[in-house]
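To keep things clear, I will list the structure first and then write my remarks on it.
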Amino acid sequence: MDLPVGQNDYSEVIENDRAHVWHHLSQHKKYETVDPMIVVEGKGMRFWDAKGRQYLDGVSGGVWTVNVGYGREEIADAVRDQLVKLNYFAGSAGSIPGATFCRALIDKMPGLSRVYFSNSGSEANEKAYKIVRQISYNKYGGKKHKILFRDRDYHGTTITALSTCGQPERKEQYGPFTPGFVEVPHCCEYRSQYGEVDNYGERAARAIEEVILREGPDTVGGIILEPVTAGGGVIPPPEGYWPVVQEICDKYDILLIIDEVVCGLGRTGKWFGYQQYVIKPDIVTMATGVASGYAAISCTGTTEAVLEQFKAYPDDPMSYFRDISLFGGCNGGPAAALANMQIIENENLLDNVTAMGEYLMGRLNGLKDKHSIIGDVRGKGLFCGAELVANRETKEPVDESVAAAIVADCLANGVLIGMTNRSMHGLNNTLCLSPALICTKSDLDEIVDAIDAAIRRVVA
Ligand SMILES: Cc1ncc(COP(=O)(O)O)c(C=O)c1O
Numbered sequence: 001m002d003l004p005v006g007q008n009d010y011s012e013v014i015e016n017d018r019a020h021v022w023h024h025l026s027q028h029k030k031y032e033t034v035d036p037m038i039v040v041e042g043k044g045m046r047f048w049d050a051k052g053r054q055y056l057d058g059v060s061g062g063v064w065t066v067n068v069g070y071g072r073e074e075i076a077d078a079v080r081d082q083l084v085k086l087n088y089f090a091g092s093a094g095s096i097p098g099a100t101f102c103r104a105l106i107d108k109m110p111g112l113s114r115v116y117f118s119n120s121g122s123e124a125n126e127k128a129y130k131i132v133r134q135i136s137y138n139k140y141g142g143k144k145h146k147i148l149f150r151d152r153d154y155h156g157t158t159i160t161a162l163s164t165c166g167q168p169e170r171k172e173q174y175g176p177f178t179p180g181f182v183e184v185p186h187c188c189e190y191r192s193q194y195g196e197v198d199n200y201g202e203r204a205a206r207a208i209e210e211v212i213l214r215e216g217p218d219t220v221g222g223i224i225l226e227p228v229t230a231g232g233g234v235i236p237p238p239e240g241y242w243p244v245v246q247e248i249c250d251k252y253d254i255l256l257i258i259d260e261v262v263c264g265l266g267r268t269g270k271w272f273g274y275q276q277y278v279i280k281p282d283i284v285t286m287a288t289g290v291a292s293g294y295a296a297i298s299c300t301g302t303t304e305a306v307l308e309q310f311k312a313y314p315d316d317p318m319s320y321f322r323d324i325s326l327f328g329g330c331n332g333g334p335a336a337a338l339a340n341m342q343i344i345e346n347e348n349l350l351d352n353v354t355a356m357g358e359y360l361m362g363r364l365n366g367l368k369d370k371h372s373i374i375g376d377v378r379g380k381g382l383f384c385g386a387e388l389v390a391n392r393e394t395k396e397p398v399d400e401s402v403a404a405a406i407v408a409d410c411l412a413n414g415v416l417i418g419m420t421n422r423s424m425h426g427l428n429n430t431l432c433l434s435p436a437l438i439c440t441k442s443d444l445d446e447i448v449d450a451i452d453a454a455i456r457r458v459v460a
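For what it's worth, my numbering labels the leading residue of the sequence shown as 1, then goes sequentially.
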């Protein structure tokens with residue numbers, strides 16, 4: 001039986017990890033002299049490592065995933081009950097949790113009506129790309145096959161998802177990439193490409209149109225965008241951006257894919273990030289918050305009009321969506337996802353996100369008033385970033401080692417925060433916060449106070 005946290009001896013686990021586990025996003029040389037962090041338990045907003053140290057989690061499992069917090073027995077029970085009844089069956093057949101969850105999800109997404117299951121954000125996006133490509137093939141003889149993506153956005157780790165990555169450091173050394181994907185400019189007003197303009201949002205959206213016209217509108221079939229750019233530095237869209245993007249998509253008959261892998265299921269204070277703005281997506285992908293990490297499940301949601309195009313030629317044996325995700329048939333995913341949605345609803349977590357998000361932004365702006373190293377604070381709901389600069393006037397970014405030292409100081413003091421990580425050359429300078437949707441003011445105070453103290457120690 002497990003002893004209370006901190007009293008077990010995990011030295012064997014640590015050695016097995018050191019010898020055999022290849023950690024994500026990690027340079028392993030350091031583990032020859034430093035123990036890898038092993039996380040053993042979580043409850044609510046907090047988790048414990050193998051040495052018994054307790055941490056307050058400001059980033060929901062490190063990567064904005066555990067939205068309803070750790071240790072949710074109702075989700076674990078729902079998954080267990082489903083697994084003993086029926087753990088798996090290929091997704092060509094339906095399931096009780098699958099159908100029930102899809103009904104509940106679609107209720108939150110007016111305009112969409114279909115959900116395709118897979119296991120990761122990358123995979124959900126790859127499905128969207130394949131949908132665009134197949135529609136192009138059937139409707140436009142393959143010509144309208146190009147898919148646009150935005151500078152600073154991220155859509156996943158597979159080679160084709162990386163082909164749509166607007167973060168050069170993530171792509172470096174992994175090419176050549178899949179052809180047919182074209183970058184459009186970012187929309188980070190703090191780093192305006194057009195000088196100081198009073199219609200930055202519209203200008204940034206028109207830059208997309210310029211790319212479409214350059215490529216030829218009859219060659220562009222889709223565009224993928226994050227509602228709020230996540231790993232690229234937490235970039236909410238500037239005022240006036242989305243209406244123009246929507247107008248452009250309508251004008252040139254371009255399918256709008258919204259990547260809700262991070263924003264979906266409540267992170268910004270609405271069920272989906274795009275619902276903060278006036279957008280009518282054709283395809284919506286989601287992953288992290290779908291089951292808060294209690295099961296691996298991702299979804300590609302579409303309108304009925306999209307599905308209709310795959311029903312149009314029933315006599316053609318090649319005309320349906322010839323795609324499968326083996327583990328998209330794991331029933332633990334939708335069972336967990338349904339219980340996760342029920343928690344968000346029962347505990348009014350969307351309202352909490354809005355209220356706590358405002359509180360967090362207020363506290364971060366307070367920090368900005370105190371510390372000139374903070375050049376910009378931005379965010380939506382419980383999804384915030386603080387961009388660090390060496391000089392407020394010139395906006396020269398701090399070296400990423402400074403941001404890393406602040407993150408390390410917080411961790412040493414029991415608070416986990418994030419930062420832009422190996423993403424953009426010279427711009428890995430944004431601290432990222434995405435606490436669980438259940439957080440309280442006192443959790444946020446603890447997180448912001450840790451950053452305050454860390455800045456004082458690191459910058460002093
Ligand atoms: C916006 C966005 N899309 C897609 C992905 C890829 O998700 P996964 O790692 O599950 O493939 C991520 C991962 O962080 C993401 O932030």
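Backbone N, C-alpha and C define an ideal beta-carbon position, used for all residues, glycine too.
Any idea if residue i is buried or exposed, counting beta-carbon neighbours within 10 angstroms, 16 or more meaning buried?
i, result
"Met-109", "buried"
"Trp-22", "exposed"
"Glu-239", "exposed"
"Gly-333", "buried"
"Ala-454", "buried"
"Asn-429", "buried"
"Ile-258", "buried"
"Tyr-88", "exposed"
"Val-184", "buried"
"Lys-441", "exposed"
"Ile-212", "buried"
"Asn-125", "buried"
"Ile-406", "buried"
"Phe-77", "This sequence places Asp at residue 77; Phe is not what is there. By the 10 Å Cβ count, Asp-77 comes out exposed."
"Tyr-313", "exposed"
"Thr-300", "buried"
"Glu-12", "exposed"
Do residue i and ligand 1 come close, with the Cβ less than 7 angstroms from some heavy atom?
i, result
"Asp-259", "yes"
"Thr-300", "no"
"Gly-379", "no"
"Tyr-174", "no"
"Asn-125", "yes"
"Ala-337", "no"
"Val-182", "no"
"His-499", "The structure shown does not extend to residue 499, since the chain is modelled only from 1 to 460, so the question has no answer here."
"Val-66", "no"
"Glu-169", "no"
"Val-59", "no"
"Gly-121", "yes"
"Ala-207", "no"
"Val-262", "yes"
"Gly-231", "yes"
"Ala-287", "yes"
"Glu-189", "no"
Determine whether the beta carbon atoms of residue i and residue j lie at a separation below 8 angstroms.
i, j, result
"Lys-370", "Val-377", "no"
"Tyr-154", "Gly-266", "no"
"Ser-319", "Gly-221", "no"
"Val-402", "Ile-447", "no"
"Val-262", "Thr-288", "yes"
"Ile-208", "Leu-148", "yes"
"Leu-112", "Asn-331", "no"
"Gly-357", "Gly-418", "no"
"Leu-105", "Asn-421", "no"
"Ala-337", "Ile-297", "yes"
"Val-132", "Ala-295", "no"
"Asp-49", "Val-40", "yes"
"Glu-123", "Ser-325", "yes"
"Leu-382", "Ser-434", "yes"
"Val-234", "Cys-384", "yes"
Within a Cβ cutoff of 6 angstroms, which residues of the same chain sit near residue i, ignoring the five residues on either side of it in sequence?
i, result
"Met-1", "With a pLDDT of 42 at Met-1, under the threshold of 50, the predicted position of this residue should be treated as unreliable, though the coordinate-derived value follows. Counting only Cβ-Cβ distances below 6 angstroms, and skipping sequence neighbours, we find nothing."
"Asp-35", "Ile-14"
"Lys-380", "Val-228, Pro-236 and Thr-268"
"Gly-201", "Pro-238, Glu-239, Gly-240 and Tyr-241"
"Lys-43", "Tyr-70 and Gly-71"
Considering only residues of the same chain and omitting the five flanking positions on each side of residue i, which have a CB-CB separation below 7 angstroms?
i, result
"Pro-243", "Val-278"
"Arg-203", "Tyr-194 and Val-197"
"Asp-17", "Pro-36 and Ile-38"
Might you give, ordered along the chain, the residues of its own chain that have their beta carbon closer than 8 angstroms to the beta carbon of residue i, omitting 5 neighbours on each side?
i, result
"Tyr-174", "Ile-159 and Leu-162"
"Phe-272", "Lys-108, Met-109, Pro-227, Ile-258, Glu-260, Cys-263, Gly-264, Leu-265, Val-284 and Met-286"
"Asp-445", "Arg-363"
"His-425", "Pro-168 and Glu-169"
"Thr-178", "Ile-159, Thr-160 and Ser-163"
"Asn-413", "Ala-450, Ala-453 and Ala-454"
"Tyr-190", "Gly-375, Asp-376, Arg-378, Glu-387 and Lys-395"
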